[in-house]
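Novice: In case it helps, our numbering puts the sequence shown at residues 934 to 1270.
Glycine included, each C-beta is placed from N, C-alpha and C at the ideal position.
A quick note: this is a predicted structure, and the numbers were derived from the prediction, not measured.
Quick one: the structure is below, and I'll ask about it shortly.
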Amino acid sequence: MIPRTVPTWQIKSWQDELKELIQDPKTLIDRLQLGSEWLEPAIQASAHFPLRLTESYLSRIRPGDPGDPLLLQVLPLGAELIASPDYIDDPLEEHRFTPVPGLVHKYRSRVLLIAATQCAINCRYCFRRHFPYDDHQLSRPEWQQALDYVRSTPEVNEVILSGGDPLSLGDKQLAWLAQQIAGIDHIKRLRIHTRYPIILPSRLTPDLVEAIRHPRLRTLLVMHCNHPQEIDQSVIDGLNTLREGGIQLFNQTVLLKNINDNSRILATLSENLFDAGVLPYYLHLLDKVQGAAHFAVNDADAKTLYGELLTLLPGFLVPRLVRETPHEGSKTPVLPI
Ligand code: SF4
């Protein structure tokens, strides 16, 4: 008999949870007891970039609080429909760095594979919110084409699985990919960029660890967490499974207005991540994607906040403040005032 206090999502498989994503704005607004004035803008904005979130993530949002920092990351707003100068559909110009479908080669020593075309959540600020995923849905021969590109590019020593979210793939597909990548002599590391540890921690199983590890590769997982409220016991338990399986864990955060643009919140986030065995890695300025301008923190405020953060944390817990610029050979550090 399952104790009544265990929420339903905690006793379901991750595949079942994925089938029950919240995608209807009215459901979200009703479940969180928000006013009806949020509904029409949410319907309009989600027609352009659909609403998606998991029950697990929903359980960490405070009902009745339209300013909740987790809600603000997922609730479609009318502000997304206002065109903003300098904000474009492909702010990183990834289409210029796509030599074969499904593969982005921007930085010399690593390539990024668009391993999956969907996420279990749609973050409203996502820089790939307009990404033409349909053009990157790969068949097996196209996967081979992408892997052949890696094979014929010896300066690449690291493959990054991204998307969409690569952990949307099943374990068998991930294991196949890891094996293919491990078969390329010059590849040393497999890196996985994912938000699943935060949005669907039940995805973090020993079977997943088995699938993504290979004796010839170092496996790193870079998760995406923006606020301390996103980390609860289910997240900590999932991360433990990964750590115990020998996966090295890092985090990247996007600096978001009215969500985490506060040095004390960011300091708590770093402390809590480290307690969970995760090293804070990057603090990204927002990529200027159309529909997300209301999340932007200006450079001066970001630098001031970062200067404060330096005084609140030991150096190893301070993520690097960076911005991504389309034609630079690396991320660009942003230094404090
Ligand atoms: S999880 Fe990452 S890729 Fe998916 S919507 Fe959020 S920011 Fe975008």
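#1: Pair every Cβ in the stretch 1123-1141 with every Cβ in the stretch 1061-1073, then say whether three or more of these pairs are closer than 8 Å.
#2: Check whether the Cβ of residue 993 lies closer than 7 Å to any heavy atom of the ligand SF4, and answer yes or no.
#3: Throw me the rounded Cβ distance for the residue 1147 and residue 1111 pair, which I believe falls under 8 Å.
#4: Can you list, in chain order, the residues of its chain whose CB lies under 7 Å from that of residue 1201, leaving out five sequence neighbours each side?
#5: Taking residue 1154 as the reference, which of 1053, 1167, 1176, 1016 has the closest Cα?
#6: Is DSSP giving residue 1111 helix, strand or coil here?
#7: By the DSSP assignment, the beta strand (DSSP E) with residue 1152 in it spans what residues?
#8: Three or more beta-carbon pairs under 8 Å between the stretch 1218-1236 and the stretch 989-1004, yes or no?
#9: Are the Cβ atoms of residue 1253 and residue 1212 separated by less than 8 Å?
#10: Straight-line CA distance for residue 986 to residue 1141?
#11: Can the beta-carbon of residue 1099 be found less than 8 Å from the beta-carbon of residue 1048?
#12: Under a Cβ-count criterion, where at least 16 other Cβ atoms within 10 Å of its own Cβ denotes burial, should residue 1096 be classed as buried or exposed?
#13: Beta carbon of residue 1093: closer than 7 Å to some heavy atom of the ligand SF4?
#14: Starting from the Cα of residue 1304, find the closest Cα among 981, 1240, 1191, 1073 and give me that residue.
#15: Regarding residue 1055 and the ligand FAD, is the C-beta to nearest heavy atom distance less than 7 Å?
#16: Beta carbon of residue 992, beta carbon of residue 1135: below 8 Å?
#17: Within the same chain, show all residues whose beta-carbon is closer than 6 Å to that of residue 1034, passing over the 5 residues directly before and after it, in chain order.
#18: Which of the three DSSP states is assigned to residue 955 in this structure?
#19: Just confirm the distance between the C-beta atoms of residue 1199 and residue 1193, as a whole number of angstroms; I'd bet it's less than 8 Å.
#20: Specify, as a first and last residue, the run of the beta strand (DSSP E) that residue 1015 falls within.
#21: Using 7 Å as the cut-off, classify the Cβ of residue 981 as near or not near the heavy atoms of the ligand SF4, replying yes or no.
#22: Pop quiz: residue 1270 and residue 1244 are said to be a contact at Cβ under 8 Å. What is the actual Cβ separation, rounded to whole angstroms?
#23: According to DSSP, is residue 979 helix, strand or coil?
#24: Which of the three DSSP states is assigned to residue 1091 in this structure?
#25: Compute the Euclidean distance between the alpha carbons of residue 956 and residue 983, then round it to the nearest angstrom.
Specialist: Once the coordinates are examined:
#1: no
#2: Locating residue 993 in the sequence shown gives position 60, where the first residue counts as 1. Not under cutoff, so the answer is no.
#3: As a first step, residue 1147 is located in the sequence shown; it is residue number 214 there, counting from the start. As a first step, residue 1111 is located in the sequence shown; it is residue number 178 there, counting from the start. Contact flag correct, Cβ pair sits at about 5 Å.
#4: What you label residue 1201 is simply residue 268 of the sequence shown in a count that begins at 1. So the list reads 1161, once near-sequence residues are dropped.
#5: Looking up residue 1154 in the sequence shown gives position 221. The shortest Cα separation from residue 1154 among 1053, 1167, 1176, 1016 belongs to 1176.
#6: Mapped onto the sequence shown, residue 1111 falls at position 178. DSSP places residue 1111 in the helix class (H, G or I) of the three-state scheme.
#7: Against the sequence shown, residue 1152 aligns to sequence position 219. Here the beta strand (DSSP E) through residue 1152 covers 1151-1157.
#8: no
#9: Here residue 1253 is taken as the residue at index 320 of the sequence shown, counted from 1. Here residue 1212 is taken as the residue at index 279 of the sequence shown, counted from 1. Cβ distance not < 8 Å, so residue 1253 and residue 1212 don't count as in contact.
#10: Locating residue 986 in the sequence shown gives position 53, where the first residue counts as 1. Locating residue 1141 in the sequence shown gives position 208, where the first residue counts as 1. Approximately 21 Å, taken between the alpha carbons.
#11: Position 166 of the sequence shown, counted from the first residue, corresponds to residue 1099. Position 115 of the sequence shown, counted from the first residue, corresponds to residue 1048. Yes, Cβ-Cβ distance for residue 1099 and residue 1048 is below 8 Å.
#12: In the sequence shown, counting from the first residue as 1, residue 1096 sits at position 163. Buried.
#13: Locating residue 1093 in the sequence shown gives position 160, where the first residue counts as 1. No.
#14: One cannot answer for residue 1304 here, as it falls past the ends of the chain, which runs 934 to 1270.
#15: Among the ligands present in this structure, namely the ligand SF4, the ligand FAD is not found.
#16: The residue given as residue 992 occupies position 59 in the sequence shown. The residue given as residue 1135 occupies position 202 in the sequence shown. Going by C-beta atoms, residue 992 is not nearer than 8 Å to residue 1135.
#17: In the sequence shown, counting from the first residue as 1, residue 1034 sits at position 101. Result list for residue 1034: 1069, 1075, in chain order.
#18: As a position in the sequence shown, residue 955 is number 22, starting the count at 1. Residue 955 falls in the strand class under three-state DSSP.
#19: Within the sequence shown, numbered from 1, the residue matching residue 1199 stands at position 266. Within the sequence shown, numbered from 1, the residue matching residue 1193 stands at position 260. Confirmed, about 6 Å.
#20: Stepping through the sequence shown from its first residue, residue 1015 is reached at position 82. Where residue 1015 is concerned, there is no enclosing beta strand (DSSP E), given that its DSSP letter is neither H nor E.
#21: The count along the sequence shown starts at 1 and reaches residue 981 at position 48. No.
#22: The sequence position of residue 1270 within the sequence shown is 337, counting from 1. The sequence position of residue 1244 within the sequence shown is 311, counting from 1. About 13 Å separates the two Cβ atoms, so there is no contact after all.
#23: The sequence position of residue 979 within the sequence shown is 46, counting from 1. It is helical.
#24: Numbered from its first residue, the sequence shown carries residue 1091 at position 158. In the structure shown, residue 1091 sits in a strand (DSSP, three-state: E or B).
#25: Taking the sequence shown and counting its residues from 1, one reaches residue 956 at position 23. Taking the sequence shown and counting its residues from 1, one reaches residue 983 at position 50. So the two alpha carbons sit approximately 7 Å from each other.
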